[in-house]
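J.: Mind looking over this structure? Questions follow.
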Amino acid sequence: MAKERRNFFDHLHAPTITLRALHPLTTLGLGIAALTCLGVLLATGLTLFLYYVPEQQEAYERILHITTTLRFGALVRNLHFLAANALVILAVLHLGRVFLTGSYQNRRLNWVYGLFLLLLILTANFTGYLLPWDQISYWAVKVGSSLVGYYPFLGPVLQTFLLGGEAIGPETLSRAFALHAGAIPLAILVLCALHLWRIRKDGGLAAAVGDPGEKVPAEPWLYRAEGAVALLTLAALLALSLIIDAPLYERADPLHPPNPVRAPWYFVGVQEMVSHSAFLGGVVFPTLIVFFLFLVPFLDRGPFSGGRWFARERRWLNILFLVVLLGQVGCIIVGQWFRTSNWQLYNPF
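This is the structure:
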C-alpha cells in the first residue's frame with residue numbers, strides 16, 4: 000500500500016472540513032488575507048532592510064534613494080506601505096468577525112493570542128511610521144508617543160522606552176528600527192504559529208454542538224479556496240501599489256511642526272478623544288476597551304452560538320461591540336478629515 004504523502008498544510012487543517020467552512024460568508028477570508036499581507040510585509044521588509052540605514056543623517060536620503068533611484072524600489076515600498084495598512088484593517092475586521100459570530104467561546108486562549116497579535120501589528124506600524132524620518136512621520140510619532148504617556152504608571156515608562164529618552168532623537172530612530180525590523184516581526188511570527196496551532200487544536204472553525212454538517216476533504220477544496228483568497232489579496236495589493244504611492248514629505252524639522260499635527264491614522268481616534276478630555280479619552284476609554292476585549296471570553300456565560308453571525312442570544316454583547324467599534328471609526332474619520340489648524344472642526348466638502 001502506498002504511503003500517504005503529507006505536506007505543511009496538512010498540519011494546519013483537519014483532513015475533512017464542513018461545507019459551511021467553505022462558504023465565503025463564514026469567515027469572509029479575512030484570516031488568509033491578513034496572512035497574505037504579513038507575507039508581503041516580510042518579503043518587502045527584507046528588501047528595504049538591505050538598503051535602509053537607521054541614522055538621522057542618512058535615513059531620509061536612503062528612503063529617497065529607494066523611492067527614486069533603486070529599480071522597482073518605489074513598487075516595493077508602496078507594497079510594504081499598503082500591506083501594513085491593510086493588515087491593520089484586516090486584523091480588526093477579523094477580530095470583529097470572531098466576536099460577532101461568538102467564535103471565541105470555548106477558545107479563550109486563542110482569542111487572547113489574537114488580541115496580542117493586533118497590539119503587535121499596531122506597534123509594528125507605529126515603529127515603522129518613523130523610519131522615513133520625514134516631516135509628517137516625525138511629528139505623527141511625536142503625537143503618538145505623547146498619547147502613550149497619558150497612561151498612569153506604565154505610560155511614562157513605555158514612552159521613555161520607545162523614545163530612548165525624553166524626546167525623539169537618534170536613539171529613537173535606532174530603537175524604532177530594532178523593534179520594527181527585529182523584535183516585533185519575530186514576536187508576530189511566534190504568535191501567528193500559536194494562533195494557527197490553536198485553531199487546529201480546537202478543531203477548526205467554531206460550529207454548533209452536535210451538528211457536524213456535511214463534510215468534504217480539505218484537499219483540494221479548502222486549499223483552493225484559501226489560495227484564491229491569497230491570490231486576490233496579492234493582486235489587489237499589486238494593483239493599488241501601481242496607483243498609490245507611499246508618502247514621503249520633506250525632511251523632518253523638529254522646530255517647525257505642521258498644523259495640525261496628527262498621530263498615525265490608527266491612533267487618530269485616541270487623539271480625537273484626548274482633544275475632548277485627556278483623562279477620559281486618553282486613559283479611561285482606551286483602558287475600558289482593552290479590558291473589555293481581553294475579559295469578554297471569560298465573562299461571557301451565554302449559550303454557545305455555534306459560530307453563527309449575530310446570534311440572537313448574543314445581541315446585547317454584539318450591540319456593545321459594534322457601538323465601541325463604530326465609535327472608534329467615527330473618531331478616526333473626524334480626526335483625520337474634519338480637523339484643521341489648531342485642531343478646529345471644519346467641513347471639507
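Residue numbers for the sequence shown follow numbering that gives the first Met the number 0, beginning at 0 and rising by one.
Note that beta-carbon positions come from the ideal geometry of N, C-alpha and C, so glycine has one too.
These numbers come from a predicted model, not from an experiment.
Can you give me the Cβ contacts of T159 inside the same chain, cut-off strictly under 8 Å, excluding the 5 residues immediately before and after it?
T.: If we look at T159 and ignore the five residues flanking it on each side, its Cβ neighbours are E165.
J.: Give the DSSP-derived three-state secondary structure of Q134 in the structure shown.
T.: In the structure shown, Q134 sits in a helix (DSSP, three-state: H, G or I).
J.: Take Y150 and list the residues in its own chain whose beta-carbon comes closer than 7 Å to its own, dropping the five residues that flank it on each side.
T.: Once the five neighbours on either side are set aside, the close Cβ partners of Y150 are V282.
J.: From the DSSP output, in three-state form, read off L49 for me.
T.: Residue state, collapsed to three classes: coil.
J.: Taking only runs of the alpha helix (DSSP H) that begin and end inside the region 93-169, which ones reach a length of at least 4 residues, in chain order?
T.: Correct list: 107-129, 134-147 and 153-162.
J.: Let me know the secondary structure DSSP gives Q56 once reduced to three states.
T.: Note: Q56 maps to coil in three-state DSSP.
J.: Taking 8 Å as the threshold, find out whether the region 225-236 comes into contact with the region 67-87 through three or more Cβ pairs.
T.: These segments touch.
J.: Near F176, what residues of its chain come up, given a Cβ to Cβ distance below 6 Å and the 5 sequence neighbours on each side ignored?
T.: If we look at F176 and ignore the five residues flanking it on each side, its Cβ neighbours are P53.
J.: Going straight from the alpha carbon of Q343 to that of W196, what length do you get?
T.: Looking at the two C-alpha atoms, the distance is approximately 48 Å.
J.: Report back the beta-carbon spacing between L241 and T66 to the nearest angstrom; my notes put them in contact at under 8 Å.
T.: In fact, because the Cβ distance is near 14 Å, the residues do not count as touching under 8 Å.
J.: Flag this pair as yes or no: are the beta carbons of L316 and F115 separated by less than 9 Å?
T.: Going by C-beta atoms, L316 is not nearer than 9 Å to F115.
J.: Pull the bridge partners of R361 from the DSSP assignment, please.
T.: With the chain running from 0 to 348 in the structure shown, residue 361 is simply not present.
J.: Among the candidates L121, L325 and R311, whose CA atom is the shortest distance from the CA of T100?
T.: Of L121, L325 and R311, the residue nearest in Cα terms is R311.
J.: Cα-Cα, which of N346, G306, F337 and L292 is closest to V323?
T.: When only C-alpha atoms are compared, the closest one is L292.
J.: Tell me the DSSP secondary structure of R199 in three-state form.
T.: In this structure, R199 counts as helix in the three-state DSSP scheme.
J.: Under the three-state reduction of DSSP, which class applies to L247: helix, strand or coil?
T.: L247 falls in the coil class under three-state DSSP.
J.: In or out: T286 buried (at least 16 other Cβ within 10 Å) or exposed?
T.: Classification for T286: exposed.
J.: Can you check which of these residues, L63, L40 and L41, is closest to Y51 by C-alpha distance?
T.: The shortest C-alpha separation from Y51 is found at L63.
J.: Going by beta carbon distance, what residues of the same chain come within less than 6 Å of K141, once the five residues before and after it are set aside?
T.: Result list for K141: I167, in chain order.
J.: I'd like the list of long-range same chain contacts for L74, defined as Cβ closer than 7 Å, with 5 residues on each side in sequence excluded.
T.: Cβ within range, chain order: S240.
J.: Assign P219 to one of two classes, buried (16 or more other C-beta atoms within 10 Å of its C-beta) or exposed (fewer than that).
T.: That one is exposed.
J.: Using the C-alpha atoms, what's the distance from F337 back to P223?
T.: Note on residue identity: the sequence assigns Arg, not Pro, to residue 223. Roughly 43 Å between the two C-alpha positions.
J.: Inspect the beta-carbon positions of L41 and L119 and report whether they are closer than 9 Å.
T.: No, Cβ-Cβ distance for L41 and L119 is not below 9 Å.
J.: Cβ of A262 within 9 Å of Cβ of G143?
T.: Closer than 9 Å, so yes.
J.: Should L89 and L24 be called a contact, given that it needs their Cβ atoms to be closer than 9 Å?
T.: No, the Cβ-Cβ distance between L89 and L24 is not below 9 Å.
J.: How is L344 classed by DSSP in three states: helix, strand or coil?
T.: Strand.
J.: With which residues is R338 paired in a DSSP beta bridge?
T.: BP columns for R338 point to L344.
J.: In or out: L230 buried (at least 16 other Cβ within 10 Å) or exposed?
T.: L230 is exposed by the Cβ-count criterion.
J.: Do the CB positions of A180 and G44 come within less than 9 Å of each other?
T.: Result yes, Cβ atoms of A180 and G44 sit closer than 9 Å.
J.: Using only the alpha-carbon positions, how far apart do Q335 and W264 sit?
T.: About 7 Å.
J.: For a test of the three-state rule: what should DSSP assign to P184, helix, strand or coil?
T.: Helix at P184.
J.: Check each candidate in L94, F309, L121 and S276 and name the one with the smallest Cα separation from A82.
T.: Nearest of L94, F309, L121 and S276 to A82, Cα basis: L121.
J.: Pull up the distance between the alpha-carbon of W308 and that of R61, whole angstroms please.
T.: Their backbone Cα atoms lie some 48 Å apart in a straight line.
J.: If you count every other CB in all the chains shown that lies within 10 Å of the CB of G329, and 16 or more means buried, which is it?
T.: That one is exposed.
J.: Answer yes or no: do I31 and T339 have a C-beta to C-beta separation smaller than 9 Å?
T.: No, Cβ-Cβ distance for I31 and T339 is not below 9 Å.
J.: Within the same chain, show all residues whose beta-carbon is closer than 6 Å to that of R174, passing over the 5 residues directly before and after it, in chain order.
T.: Correct list, in chain order: G163.
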